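Participant: In my numbering, the protein residues as written are 24 to 230.
Set out below in structure tokens:
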């Protein structure tokens with residue numbers, strides 16, 4: 024009798040294990056479907072930013088177009104998000120210290136050396152090496168059209184607070200030069216990677 028009871032107990036245990044496995048599988052499939060549903064494309068991010076409101080990674084942002092460098096450059100920026108540290112005709116620095124996000128611009132009005140982005144990258148790499156800092160390039164390319172066309176590159180740098188994800192852009196035009204950097208913590212990439220890239224793609228520059 025004890026042997027029969029033991030077999031019944033083992034059978035019930037096995038059935039319970041199989042049921043738990045099935046429930047876990049269903050839960051995993053639901054989570055995967057939910058994640059896939061929540062994925063958003065760069066084009067959709069651009070569309071939402073243009074319309075003035077972006078919902079990404081369970082976070083809402085309101086956007087407004089802002090002019091910098093004495094009106095030479097326009098870009099959509101999150102509303103009431105950054106502290107304006109510098110805003111002159113040649114430099115811009117916006118920072119959100121709490122979330123580790125920043126946006127900077129530098130403008131050279133005349134005498135800028137014409138060079139390819141590849142050469143610009145090499146200069147950056149040398150500067151980082153001279154300062155004994157690590158630099159890992161991820162992606163590069165071009166965005167925009169006409170006078171608003173810019174070259175860009177994304178890269179990672181380590182800091183005491185964690186890896187930083189950077190998008191740097193470069194635009195030389197008739198002796199003028201605009202260099203910008205938009206960055207965030209790498210751990211917040213799900214929220215900021217597409218937001219940053221879409222914002223840079225929506226830049227307008229006066230020739």
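Don't be surprised by glycine CBs; every beta carbon is placed ideally from N, CA and C. All values reported here derive from a predicted model rather than from experimental measurement.
Under three-state DSSP, which class holds residue 221?
Facilitator: Here residue 221 refers to the residue found at position 198 when the chain shown is read from its first residue. Here residue 221 sits in helix by DSSP.
Participant: Just to confirm, are residue 105 and residue 83 a CB contact at a threshold of 8 Å?
Facilitator: Here residue 105 refers to the residue found at position 82 when the chain shown is read from its first residue. Here residue 83 refers to the residue found at position 60 when the chain shown is read from its first residue. Not closer than 8 Å, so no.
Participant: Can you tell me whether residue 170 is helix, strand or coil according to DSSP?
Facilitator: By one-based count along the chain shown, residue 170 stands at place 147. Helix, per DSSP.
Participant: Are the Cβ atoms of residue 227 and residue 94 separated by less than 8 Å?
Facilitator: Here the question's residue 227 lines up with position 204 in the chain shown. Here the question's residue 94 lines up with position 71 in the chain shown. No, the Cβ-Cβ distance between residue 227 and residue 94 is not below 8 Å.
Participant: Apply the 10 Å Cβ neighbour rule to residue 41 and answer buried if 16 or more other Cβ atoms are within range, or exposed otherwise.
Facilitator: Here the question's residue 41 lines up with position 18 in the chain shown. Exposed.
Participant: Return the CA-CA distance between residue 183 and residue 36, expressed in angstroms with no decimal places.
Facilitator: In the chain shown, residue 183 corresponds to position 160, counting from 1. In the chain shown, residue 36 corresponds to position 13, counting from 1. The straight-line gap from Cα to Cα measures roughly 50 Å.
Participant: I need the DSSP call for residue 203, collapsed to helix, strand or coil.
Facilitator: The residue you call residue 203 lines up with position 180 of the chain shown. Residue 203 falls in the strand class under three-state DSSP.
Participant: From which residue to which residue does the beta strand (DSSP E) around residue 116 run?
Facilitator: By 1-based counting over the chain shown, the position of residue 116 is 93. That run of the beta strand (DSSP E) goes 114-119.
Participant: Less than 8 Å between the CB atoms is what I'm expecting for residue 89 and residue 97, so what's the real figure, rounded?
Facilitator: Taking the first residue of the chain shown as 1, we reach residue 89 at position 66. Taking the first residue of the chain shown as 1, we reach residue 97 at position 74. That pair is a contact at about 7 Å.
Participant: Among the residues of its own chain, which have a CB less than 8 Å from the CB of residue 160, if the five just before and after it don't count?
Facilitator: As a position in the chain shown, residue 160 is number 137, starting the count at 1. Excluding positions up to five away in sequence, the list reads 144, 176, 177, 178.
Participant: Report, in whole angstroms, the separation of the C-beta atoms of residue 201 and residue 157, which I expect to be a contact under 8 Å.
Facilitator: Taking the chain shown and counting its residues from 1, the one referred to as residue 201 is at position 178. Taking the chain shown and counting its residues from 1, the one referred to as residue 157 is at position 134. Not a contact, Cβ separation roughly 26 Å.
Participant: Classify residue 74 as helix, strand or coil using the three-state DSSP reduction.
Facilitator: Against the chain shown, residue 74 aligns to sequence position 51. Three-state result, residue 74: helix.
Participant: Locate the alpha helix (DSSP H) running through residue 145, then write down its first and last residues.
Facilitator: Here the question's residue 145 lines up with position 122 in the chain shown. Residue 145 -> alpha helix (DSSP H) spans 140-153.
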